[in-house]
Structure formats: C-alpha cells, structure tokens
Amino acid sequence: MPLDMFMDLALAHPEHGYYRTRDPLGRSGDFTTAPEISQMFGELLGLWSVDIWQKLGAPNSFNLIEFGPGRGTLMADALRAAKLVPAFRDAANVVFLETSPTLRAEQQQRVPDASWIETIDALPDGPCIILANEFFDALPIKQFQKTGKGWQERCVALQAPAGDDTPVFQYSLADTSATPSMLAASVREAPEGSIAEICPVAQIIMEQLRARFDANPAAALIIDYGYNHSTAGDSFQALKNHKFVDPLVEPGEADLTAHVDFEALAKPFSKEALYGPSDQKSFLEALGIHARANALKANANEQQQRDITSAVKRLTDRDAMGSLFKVMAVTSPGLPAPAGL
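In numbering that gives the first Met the number 0, the protein residues as written are 0 to 340.
Written as structure tokens, this is what we have:
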C-alpha cells in the first residue's frame, strides 16, 4: 500500500489507530508539545488571537478554531490570557477539529463550552481565527524515491525476510513512476536514491482555507517543525515513549509524523496574505515571552523560577524548539500584518 495509506491507518483507524486509542501527550505519553511545556505558549497565542480579532474589526461573534488541540491546554491558556479583553471572550465561539474520543473528553474538561468538528468541510461560516500547533506534521505523506526509472512511489508491504517465516512491514517501490509535476522544482533534479515527500491532505486543506478566507475575514497561525523551502529528504519518523523507533514496527503503537514543507503550505496564498515562515524563537520573543517569564517569576519560588527559565529555553533555544519549529500566518486579503511576523 502507498505510505500515506499506511500512515493514515496506523494513526486514524477507528479501532486500532494511534490517536483513537490513547492520550499520546505528556510524560506518560509518547511526546510533549509546546503547550504542555509551559502556560506561556498558549497565553502568548491567546494575546496574538486578540490582536488578530481587533484587526478583523472586533466582530461581536467569530469562530476561534484549533486544529488538533491535544488536551485542550493551548486553548485553555489562550482563553485565560484573553480575559484581559472581555469582549473577545464574549465574542468567541470555540471550535475544535478533533477525531479522537479520548482527547475530546480531555478537551471538554478544559474548555467546557467548545464544540467539535471532524473535517475541514464542517468549518463554520463567518469570521474566524485558526490555531494549528503541531497539526500538519501528523497528516499522511506520500514518498517518492529517485531511481533509474524516475520518481517511483514508496510503498509499504508485508513481507517475510529471508530465512524467516514471520512477515514484517517493509518498504517497496511501485512499478509506475510518479509525475514529476507533483514535486517541487527544487526537488526534481535530486540525485538517484533521493527521497521526496508531499502531503496531499495538507495541500487540500490549504486550498480550502484560501477559498474560505476569500469569503470571510480570517487568519490562521501554523506552528510546526519543518522546512522553510521544499527539499529532498526522508523525514518520516515514529515516536514511542519519547524515543525514536522504526515507523514500520507495531503500527498503531507509535506516533508517526513527517516534517512540514512550509513552502508547499503557502502556495495557495498570495504574498500579500502570507507572513513568515519565521522560527519559533523569533516569534515568541517578538510576542514578549521573556517579559511574561519575568512576570511569572515575580510570584514564584526558586524551583518554579528554575522551571520557568527551563521552559523558555526549551521553547526558544536554537538547539531545542527555537529553530526547528517554524511559524507562518495566512490571512484574508487586505488584513493588517499579524503580530510577531
């Protein structure tokens, strides 16, 4: 089967899919996201959202939407910070794009008045602000390998290794070559043996957002690990118990992800509606993470102060999340520039 089908089944199968059967976050899970590291992350995104709402004309009703909201921690922190502007909270209709029953239950505890949708098609009409933190990296990707025949699609097959009767999942190549136009121009001439990746689902989502943003005043903030520009390389990976594991072993038991191609995400939007990508360090510092950290430290004990310092470093240091994670905003035409970008 194609790699994107394997990835989709492993993550989203109704009975056995990784996201359908567990809470993958935190120390007891397989990975930790920025909102779980510190409340400062969500608080700053809440203030960013208030700024965007004001630039949208401060509508008295709008949709505050989060794609892949995890436990609801980011939104809970964002809404708490946004209480500084009561009219924003009164106007916000919180909507979560989420398919996991386990995570929905946790989200409801943190944001009781939220509503849920399962597909982009179900996005409500009207002005909206969308937050997508570590959402696109979990969408299924296609891979192509450069061979003497051209770019052949990489697949996953159940095969028994030589001398072993137990079948295991292994990579294979499709018989037919992929259309070069599917790949970015900067990737097509990569040497033989190279791997190229595309995410058709992400491309469809961004096209849908552009169409909606043309019809409704809106903005979306996308934060994820990935590349500023399309590049060849194999970024398909699996995380289990906070460690990298073979992505083909025990499907459904590990988180499968791939780096996000921000150049590809940006394609449907005009330059006038596109901001970034920047790196997470620059973005959070522009929003005032150090000032917020100092304010928290003023009412903290010594251990809490050390924890706050550690969280800032993890979120902003170049050798942690500060450089690898990128930040990009897309908006309706004519909207003033978002804060931090």
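Using N, Cα and C, we set each Cβ at its ideal position, and we do this for glycine too.
Using DSSP with H/G/I as helix, E/B as strand and the rest coil, what is residue 118?
Here residue 118 refers to the residue found at position 119 when the sequence shown is read from its first residue. Residue state, collapsed to three classes: coil.
Can you tell me whether DSSP reads residue 215 as helix, strand or coil?
Position 216 of the sequence shown, counted from the first residue, corresponds to residue 215. Reduced to three states, the DSSP call for residue 215 is coil.
N-terminal and C-terminal residue of the alpha helix (DSSP H) that residue 276 is part of
Stepping through the sequence shown from its first residue, residue 276 is reached at position 277. Careful: residue 276 lies outside any alpha helix (DSSP H), inside the beta strand (DSSP E) at 273-278.
Decide if the stretch 188-203 is in contact with the stretch 43-50; the criterion is three or more beta carbon pairs, one per stretch, under 8 Å apart.
No, they do not touch.
Quick one: Cα of residue 124 to Cα of residue 97, how far?
Taking the sequence shown and counting its residues from 1, the one referred to as residue 124 is at position 125. Taking the sequence shown and counting its residues from 1, the one referred to as residue 97 is at position 98. C-alpha separation (whole angstroms): 18 Å.
With three or more C-beta pairs closer than 8 Å as the rule, is the stretch 214-221 touching the stretch 295-302?
no
Return helix, strand or coil for residue 123, following the three-state DSSP convention.
Within the sequence shown, the letter at position 124 stands for residue 123. Coil, per DSSP.
Quick check on residue 6: does DSSP put it in helix, strand or coil?
Residue numbering aside, residue 6 sits at position 7 when the sequence shown is read from its first letter. In the structure shown, residue 6 sits in a helix (DSSP, three-state: H, G or I).
Quick one: residues in its chain with C-beta nearer than 8 Å to the C-beta of residue 315, no 5 flanking neighbours on either side, listed in chain order?
Translated into positions along the sequence shown, residue 315 becomes position 316. So the list reads 279, 280, 283, 284, 288, 321, once near-sequence residues are dropped.
Coil, strand or helix - residue 87 by DSSP
Locating residue 87 in the sequence shown gives position 88, where the first residue counts as 1. It is helical.
Quick check: what's the CA-CA separation for residue 140 versus residue 325?
Locating residue 140 in the sequence shown gives position 141, counting from the first residue. Locating residue 325 in the sequence shown gives position 326, counting from the first residue. About 19 Å.
Give the DSSP-derived three-state secondary structure of residue 70 in the structure shown.
Translated into positions along the sequence shown, residue 70 becomes position 71. The answer is coil: DSSP assigns residue 70 none of H, G, I, E or B.
Please state whether DSSP places residue 223 in a helix, a strand or coil.
For the purposes of this step, residue 223 is taken as residue 224 along the sequence shown, with counting starting at 1. Strand.
Should residue 39 go down as buried or exposed, given a rule of 16 or more other Cβ atoms within 10 Å for buried?
Against the sequence shown, residue 39 aligns to sequence position 40. Under this definition residue 39 is a buried residue.
Do the stretch 63-73 and the stretch 98-111 touch if we need at least three Cβ pairs shorter than 8 Å?
yes
Taking buried to mean at least 16 other C-beta atoms within 10 Å of its own C-beta, is residue 167 buried or exposed?
As a first step, residue 167 is located in the sequence shown; it is residue number 168 there, counting from the start. Under this definition residue 167 is an exposed residue.
Helix, strand or coil at residue 62 according to DSSP, with G and I counted as helix:
For the purposes of this step, residue 62 is taken as the residue at position 63 of the sequence shown. Of the three classes helix, strand and coil, the one that applies to residue 62 here is strand, per DSSP.
Quick one: residues in its chain with C-beta nearer than 6 Å to the C-beta of residue 138, no 5 flanking neighbours on either side, listed in chain order?
Here residue 138 is taken as the residue at index 139 of the sequence shown, counted from 1. If we look at residue 138 and ignore the five residues flanking it on each side, its Cβ neighbours are 198, 200, 201.
Three-way DSSP call (helix, strand, coil) for residue 235 in this model
As a first step, residue 235 must be located in the sequence shown, where it is residue number 236. If DSSP states are grouped into helix, strand and coil, residue 235 belongs with coil.
List the whole-angstrom C-beta distance separating residue 94 from residue 110, where the pair is believed to meet the contact cut-off of C-beta under 8 Å.
Your numbering for residue 94 matches position 95 in the sequence shown. Your numbering for residue 110 matches position 111 in the sequence shown. The pair is not a contact, with the Cβ atoms about 10 Å apart (cut-off 8 Å).
Using the Cβ count rule (16 or more neighbours within 10 Å means buried), how would you classify residue 330?
Indexing the sequence shown from 1 puts residue 330 at position 331. Classification for residue 330: buried.
Would you kindly check if the distance between the Cβ of residue 228 and the Cβ of residue 185 is under 8 Å?
Translated into positions along the sequence shown, residue 185 becomes position 186. Translated into positions along the sequence shown, residue 228 becomes position 229. Yes, they are a contact pair.
Those residues which DSSP pairs with residue 242 across a bridge
Position 243 of the sequence shown, counting from 1, holds the residue named residue 242. 239, per the DSSP bridge assignment.
Residue 153 bridges to which residues according to DSSP?
Here residue 153 refers to the residue found at position 154 when the sequence shown is read from its first residue. DSSP, once it has assigned bridges, lists 172 as partnering residue 153.
Among the residues of its own chain, which have a CB less than 6 Å from the CB of residue 135, if the five just before and after it don't count?
If you number the sequence shown from 1, residue 135 lands on position 136. Here residue 135 has 201, 223, 259 as same chain residues with Cβ atoms under 6 Å from its own Cβ, once five neighbours each way along the sequence are excluded.
Helix, strand or coil: which one does DSSP assign to residue 295?
Reading the sequence shown from its first residue, position 296 is the one you call residue 295. Helix.
Buried or exposed: where does residue 4 fall if 16 or more other Cβ atoms within 10 Å of its Cβ makes it buried?
Stepping through the sequence shown from its first residue, residue 4 is reached at position 5. With fewer than 16 Cβ atoms within 10 Å of its Cβ, residue 4 is classed as exposed.
Leaving out five residues on either side along the sequence, give the residues of the same chain with a beta carbon under 6 Å from the beta carbon of residue 237.
As a position in the sequence shown, residue 237 is number 238, starting the count at 1. Closer than 6 Å at the Cβ level, and outside the excluded window around residue 237, lie 244, 246, 253, 255.
Please report how far the alpha carbon of residue 211 lies from the alpha carbon of residue 158, in whole angstroms.
Locating residue 211 in the sequence shown gives position 212, where the first residue counts as 1. Locating residue 158 in the sequence shown gives position 159, where the first residue counts as 1. Their backbone Cα atoms lie some 45 Å apart in a straight line.
Distance, Cα to Cα, residue 208 vs residue 190?
For the purposes of this step, residue 208 is taken as residue 209 along the sequence shown, with counting starting at 1. For the purposes of this step, residue 190 is taken as residue 191 along the sequence shown, with counting starting at 1. Distance between the alpha carbons of residue 208 and residue 190 is about 35 Å.
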